[in-house]
Each structure stands twice: as C-alpha cells, then as structure tokens.
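See below for the structure under consideration.
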Amino acid sequence: MKCECGGEFEPYTENVEGIPLDCLKCNRCEKILYTSEQMKDFIGMKTMMKKTTTKRKIIVLGHSYAITLPKSLEEIGLKAGQRVSMKMTGKKTLEVKFGEESERITKENVKGDD
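Just so you know, numbering that gives the first Met the number 0 puts the end of the sequence shown at 113, numbered straight through with nothing missing.
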C-alpha cells in the first residue's frame, strides 16, 4: 500500500500504552496506519487489561506457592487445567503465557513441585 509521501507501508509492531499493536508504517515518512481490525484488537486488549489489573496475595497450595487469577480471563481463552509456561523477565517480574505456545510443553520440561 502506498503512502501519500510516495513511500510504501510495511507491517510494523508499535507499543501503544504498553500494548504491542500490529500496524503499518511508511518506510519513508514513518507515518503509522491502523486498520479497523487492529484498532478493535487494541480496544479489546485495553479493556481486558483494565478488568484483570489487580493485586493478589501469594498463597500456599501443598508444597507450592500459588496465585489466583481473575475469572474474567476466560474471555481470552484461559481454562482450568490448561498448561502455562512461566519465566522470570526481571528481578521481580514473572511472565505467564498460555495458549498455543504453552501447549507445546512436554512431560520432560514440566517440573512438578507437589
């Protein structure tokens, strides 16, 4: 797709309010263009972030630590019994992923603590 400056729009990912958002960026003037679908995704993610931004206490479950997750995460596909992958991304930051990426977890790389 051509930009009014004569450049070409190329796929790009921009961080908007802490949310990675797919868009198109001109390779000449760097103008950013969002499709209506991309804006719907952004609004949906922003709404979900507001619903799920909360503080939780760490609890003890057997010989492990646990946190409870908001039930509203069902709206984006989280299910009880689903496998997740976790990794430390900072000194005090833990990233939890679920979905296709975490479904590739095999018995060999799952550590059971209980």
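For each residue, glycine too, the CB sits at the ideal point set by N, CA and C. All values derive from a computational prediction rather than experimental measurement.
Let me see if you follow: with CB-CB separation under 9 Å, is residue i close to chain C or not?
i	result
E94	This model lacks chain C altogether; it includes just one protein chain.
If you drop the 5 nearest sequence neighbours on each side, which residues of the same chain put their C-beta closer than 6 Å to that of residue i?
i	result
K1	none
P69	T51
E94	K86 and T88
T12	P19 and D21
Can you pull the DSSP bridge partners for residue i?
i	result
I31	K24
F97	V83
P10	L23
I58	A65
T92	G89
K1	E7
I18	V15
Tell me which residues share the same chain as residue i and place their Cβ nearer than 7 Å to its Cβ, disregarding the 5 neighbours each side in the sequence.
i	result
R27	C2, C4, G5 and G6
V83	V95, K96, F97 and S101
Report buried or exposed for residue i, applying the criterion of at least 16 other Cβ atoms within 10 angstroms of its Cβ.
i	result
K24	buried
Leaving aside the five residues before and after residue i along the sequence, list all residues of the same chain whose C-beta is less than 8 Å from its C-beta, in chain order.
i	result
A65	I57, I58 and V59
F41	V15, I18, L20 and Y33
The stretch 6-19 touching the stretch 36-47, judged by at least three CB pairs closer than 8 Å: yes
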